[in-house]
Amino acid sequence: MHSPTPLKRSARRAALLLPLLLPMPALAQSTPAPLTGLSVESLFRGLLGMACIIAIAWVFSAKRKHVDWKVVGIGLLFQLVLALAILYVPFVQTGFELVGRLFVKVLDFTRIGSEFLFRDLMDVKSSGFIFALQILPTIIFFSA
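One rule links them: number in my numbering = place in the sequence shown (from 1) + 1.
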């Protein structure tokens with residue numbers, strides 16, 4: 002007997018995962034949780050989210066036996082350390098705020114360039130939102 006094609010394997014995996022994913026929107030909160038700082042509940046929510054993403058990736062993996070769990074663990078640990086540093090270490094916060102301001106400045110340059118080229122078409126109030134003129138130039142700018 003031959004093994005199923007990759008498309009059939011993916012369909013079977015999706016069928017297994019779908020019953021788990023369908024109730025998720027109903028279980029999700031309709032309003033964001035209030036910011037209360039670091040709590041056991043927020044830490045658990047983050048860990049549960051990471052576990053779900055890893056589980057979904059593992060289910061759809063073509064070679065599950067070849068997953069290097071040490072690399073996955075180191076990546077998650079690095080992510081956790083970086084998140085805590087961004088939240089609680091002042092000089093790291095300052096660095097990320099600086100990088101954020103630089104990105105906003107670059108986005109302003111793309112907006113100004115687009116306004117120069119497209120003039121009134123960039124005004125959302127008069128022309129409405131036009132994806133090709135308001136979002137696409139930013140995508141092209143960053144991909145170039």
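Backbone N, C-alpha and C define an ideal beta-carbon position, used for all residues, glycine too. Everything numeric in this text was worked out from a predicted model, so none of it was measured.
Taking Cβ positions only, does residue i come closer than 8 Å to chain B?
{"i": "Ala12", "result": "In the displayed structure, chain B is absent; only one protein chain is listed."}
Cutting at 7 Å between CB atoms, please list the residues of its own chain near residue i, excluding the five before and the five after it.
{"i": "Ser127", "result": "Asp121"}
{"i": "Val73", "result": "Ile55"}
{"i": "Gln94", "result": "Ile87"}
{"i": "Thr111", "result": "Pro138, Thr139 and Phe142"}
Does DSSP classify residue i as helix, strand or coil?
{"i": "Pro26", "result": "helix"}
{"i": "Thr95", "result": "helix"}
{"i": "Ile136", "result": "coil"}
{"i": "Thr37", "result": "coil"}
{"i": "Ala145", "result": "coil"}
{"i": "Val107", "result": "helix"}
{"i": "Lys64", "result": "coil"}
{"i": "Ile55", "result": "helix"}
{"i": "Asp121", "result": "helix"}
Do you know whose CA, among the options, lies nearest residue i's CA?
{"i": "Ile57", "options": "Leu39, Ser40, Ala15 and Ala84", "result": "Ala15"}
Under the assumption that residue i contacts residue j (Cβ atoms under 8 Å), give the Cβ distance between them as a whole number of angstroms.
{"i": "Met123", "j": "Leu108", "result": "That pair is no contact at about 13 Å."}
{"i": "Leu18", "j": "Val60", "result": "5 Å"}
{"i": "Met51", "j": "Leu77", "result": "6 Å"}
Here's a check: name, in chain order, each residue in its chain whose Cβ is nearer than 8 Å to the Cβ of residue i, leaving out the five neighbours to either side.
{"i": "Ile75", "result": "none"}
{"i": "Thr37", "result": "Ser43"}
{"i": "Ser62", "result": "Val68"}
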